[in-house]
Amino acid sequence: MKHEIGTYLISPLLLVLLFSGLAGLLISFYLLKYRKNPGTLFLSLMQFSTALWAFFYGLEYAATEIDLKIFWSKFSYIGIVFAPVFFYFFSLHFANKQHKLKRFIRYSLPAIAILFMVGVATNDYHHLHWQSYSISTDYNTTIYQYGILFWMVFAFNYFLLILSIANIVPLVFKFPENFQVQIALIITACIFPVIGNMMYVFDTSPIPGFDWTPIFFVFSGIMLSYINIRYGTFDLIPFARNKLLDTIPDGILVIDKFLRVADVNPAFLRLIREPKEEIIGRPLIDVFPKRTSLIEQLSQMKEIPPMELETVIDGQNHFMDMRISSLYDHQNNLSGRLVIFRDITEKTIYEQTISKANKQLKQEIREKEKLISDLDAFDHTVAHDLNNVIGAIVTSTDLLQYEIDSKNHENLEEIISLIKLSANKSFHVIKELLTLASVRQQDVRMERIDMQKIFEESEKRIEDMIKTSKATIIKPDDWPSAYGYGPWIEEVWVNFLSNAVKYGGKPPVIELGSTLFYSEKKIRYWIKDNGNGLTKDKQQKLFQKYERFNQTHIEGTGLGLSIVKRIIEKLGGDVGVLSNAIPGEGCIFYFTLPQEDPSKK
Numbered sequence: 091m092k093h094e095i096g097t098y099l100i101s102p103l104l105l106v107l108l109f110s111g112l113a114g115l116l117i118s119f120y121l122l123k124y125r126k127n128p129g130t131l132f133l134s135l136m137q138f139s140t141a142l143w144a145f146f147y148g149l150e151y152a153a154t155e156i157d158l159k160i161f162w163s164k165f166s167y168i169g170i171v172f173a174p175v176f177f178y179f180f181s182l183h184f185a186n187k188q189h190k191l192k193r194f195i196r197y198s199l200p201a202i203a204i205l206f207m208v209g210v211a212t213n214d215y216h217h218l219h220w221q222s223y224s225i226s227t228d229y230n231t232t233i234y235q236y237g238i239l240f241w242m243v244f245a246f247n248y249f250l251l252i253l254s255i256a257n258i259v260p261l262v263f264k265f266p267e268n269f270q271v272q273i274a275l276i277i278t279a280c281i282f283p284v285i286g287n288m289m290y291v292f293d294t295s296p297i298p299g300f301d302w303t304p305i306f307f308v309f310s311g312i313m314l315s316y317i318n319i320r321y322g323t324f325d326l327i328p329f330a331r332n333k334l335l336d337t338i339p340d341g342i343l344v345i346d347k348f349l350r351v352a353d354v355n356p357a358f359l360r361l362i363r364e365p366k367e368e369i370i371g372r373p374l375i376d377v378f379p380k381r382t383s384l385i386e387q388l389s390q391m392k393e394i395p396p397m398e399l400e401t402v403i404d405g406q407n408h409f410m411d412m413r414i415s416s417l418y419d420h421q422n423n424l425s426g427r428l429v430i431f432r433d434i435t436e437k438t439i440y441e442q443t444i445s446k447a448n449k450q451l452k453q454e455i456r457e458k459e460k461l462i463s464d465l466d467a468f469d470h471t472v473a474h475d476l477n478n479v480i481g482a483i484v485t486s487t488d489l490l491q492y493e494i495d496s497k498n499h500e501n502l503e504e505i506i507s508l509i510k511l512s513a514n515k516s517f518h519v520i521k522e523l524l525t526l527a528s529v530r531q532q533d534v535r536m537e538r539i540d541m542q543k544i545f546e547e548s549e550k551r552i553e554d555m556i557k558t559s560k561a562t563i564i565k566p567d568d569w570p571s572a573y574g575y576g577p578w579i580e581e582v583w584v585n586f587l588s589n590a591v592k593y594g595g596k597p598p599v600i601e602l603g604s605t606l607f608y609s610e611k612k613i614r615y616w617i618k619d620n621g622n623g624l625t626k627d628k629q630q631k632l633f634q635k636y637e638r639f640n641q642t643h644i645e646g647t648g649l650g651l652s653i654v655k656r657i658i659e660k661l662g663g664d665v666g667v668l669s670n671a672i673p674g675e676g677c678i679f680y681f682t683l684p685q686e687d688p689s690k691k
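With my numbering, letter number 253 in the sequence shown gets 343, and the count goes up by one each step, no holes.
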């Protein structure tokens, strides 16, 4: 049904074209609300171009005079040459290839489109675009005889359409199923204008001379808009990626619900040192083969709290703060996960440095407190002993002076022996104090020691004591070798052996030996006497504040076991005593040393 108004013929096809143009304009304006998303502006401009194409082609189709048809046809070329350009720009952004949109291409393609428009507008002077044209009396369509410029426009448009489709098609194979449906629909929308144009150019349209291309282009826009409304495609990866992701220093990883890599940002690529095209679409386990436990938790849909990861980048350890957020689609179904990696290496190293400094400070405080405690004990024990010894020396010198003045030399030798004994005791106390100070302040290098040789040296130092007490010493044939510091271990044996002689039976029977602890990689050396033993209460106090075995009849400073404890702890071992407090069974004193070099751990 047709109605003629002036020089225009009103027909259903005209109404379809005008409706298509109106729909294209509405879609173009609708897409502007997403213009901040990369690429959406180009899709809006494409729809605007096709809307102009549909409007002007509608006016051309409705015109009944050839000059009027050619007039509107020239205007329709605004949409014809620009729609493929904007569609190509859109496809680059949708496929996340906007880096290929160099300034030269961004300006040269529109410039070529403008040159083609100029060629169409000036066709009356050169006839390179249309060689001739006429009106079909049956359908009121324009029949053209095309020149070389038309085929250049044709090649230009199809070249851009093919490139656009080539940008989008590979996404079907890279992205998960929920994206594949959307991409397949987008590809279908891309093909529609091609079909319409092929029908027109190669004269296979059911209406000869009628160009279905603008209608199909508008229909493509409707499909793209539907995809956006139905699936929220422009709000999802890869189309609506915010440029902020490309500039923030944090690594961004997006994975789909099937645990495949859906998207990453440049910062993440710098972390894993792999090109983007090689990880998009790959299973997460291929990208992080050493994180099977974490990936297993993700596969079980578990919520994972923030955690710190340690990794190696360019041969250096880096610490990462990893946070995982769940992503949901418009139906509130889990569609993937967003993983953010923040490099906290500097912060972690700073915290470790502070922690180490705090530990050292606490250790120094403990040592100072222990020193104060030691000095307090020294006031009550060592100072008292030194006072007695020095007092004895002073008294003896007074007696010596009296003997000399009275010329009575009967007791002279006894007094001199007493002075010598007191001086030796003072020397022993001072030597122990110097040893204790050395253990506190000196850092020594541990090395493998010959325990048999060290014990023999210790035995020689108290040889007189052993002979006087008629002690029996039972030694092992072989000693296992441990790591320690020889001079200090010699002091340990001197203390243990002298105590065993002092507090052993009458006469002392002393047995020595060792035990290997393979699982702990330590060696325990022990010495057993045949004395009265120690109660549990005395055992607990034995290594504290210069305690003596026997406060009643044995002289000494009580420094010995404190020195032993300090030495062994500084060498990475421990000391102890075992006893049932049964007379004759005595005590077993022991110390442990590492079997392997601690510096190589």
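A virtual CB, placed ideally from N, CA and C, is assigned to each residue, including glycine. Because the structure is a prediction, the values reported are computed rather than measured.
When the Cα atoms are used, lysine 380 and asparagine 423 turn out to be separated by approximately 29 Å. The criterion of a C-beta distance shorter than 8 Å is not satisfied by glutamine 629 and valine 582. Distance check between isoleucine 156 and each of Phe194, Tyr124 and Thr232 places Thr232 closest, using alpha-carbon atoms only. Valine 402: member of the beta strand (DSSP E) spanning 397 to 403, first to last residue.
Proximity to asparagine 670 across Asp627, Leu107 and Leu606 peaks at Asp627, based on C-alpha coordinates.
When the alpha-carbon of glutamate 537 is set against those of Val291, Arg193, Ser689 and Ile168, the nearest one is in Ser689. Residue environment: glutamate 150 is assigned as buried (16 or more neighbouring CB atoms within 10 Å of its CB, all protein chains considered). By the Cβ rule, the region 172 to 185 counts as touching the region 129 to 138, because three or more pairs are nearer than 8 Å.
Beta bridge pairing from DSSP links alanine 153 with Tyr98. Ranking Tyr215, Gln542, Asp554 and Thr558 by CA distance to the CA of glycine 576 puts Gln542 first. Pairing alanine 141 with leucine 251, the inter-Cα distance amounts to about 18 Å. If you look at histidine 408, you'll find it in the beta strand (DSSP E) that goes 406 to 418. Taking 8 Å as the upper bound for CB-CB distance, alanine 357 and valine 344 are not in contact here, some 13 Å apart. Aspartate 346 is bridged by DSSP to Gly426. For the pair lysine 592 and leucine 602, the Cα-to-Cα distance works out to about 16 Å. The count of Cβ pairs closer than 8 Å, one atom from the region 155 to 172 and one from the region 222 to 238, reaches three, so the stretches are in contact.
With a cutoff of 8 Å on beta-carbon distance, leucine 388 and arginine 427 are scored as near each other. Counting only unbroken stretches of 4 or more residues, the alpha helix (DSSP H) elements lying wholly within the region 551 to 598 are 553 to 559 and 576 to 593, in sequence order. When secondary structure is reduced to three states using DSSP, aspartate 433 falls in the strand class. Counting C-beta pairs with one atom in each stretch, the region 303 to 313 and the region 113 to 120 have three or more that are closer than 8 Å, which means they touch.
Using a Cβ distance threshold of 8 Å, proline 304 and glycine 169 count as a contacting pair. Distance from the Cα of phenylalanine 184 is smallest, within the candidate group Ile276, Met207 and Ser416, for Ile276. The C-beta distance from serine 226 to glycine 299 rounds to 5 Å, short enough to meet the 8 Å contact threshold. Comparing alpha-carbon positions, the option among Phe246, Tyr98, Leu218 and Lys452 lying closest to phenylalanine 176 turns out to be Phe246.
Segment contact: the region 361 to 378 against the region 439 to 452, fewer than three CB-CB distances shorter than 8 Å; contact not assigned.
Between arginine 614 and tyrosine 680, the C-beta gap is smaller than 8 Å, which places the two residues in contact.
Assignment of lysine 380 by DSSP, reduced to helix, strand and coil, places it in the coil class. Uninterrupted beta strand (DSSP E) stretches at least 3 residues long and entirely within the region 223 to 302 occur at 232 to 236, given in chain order.
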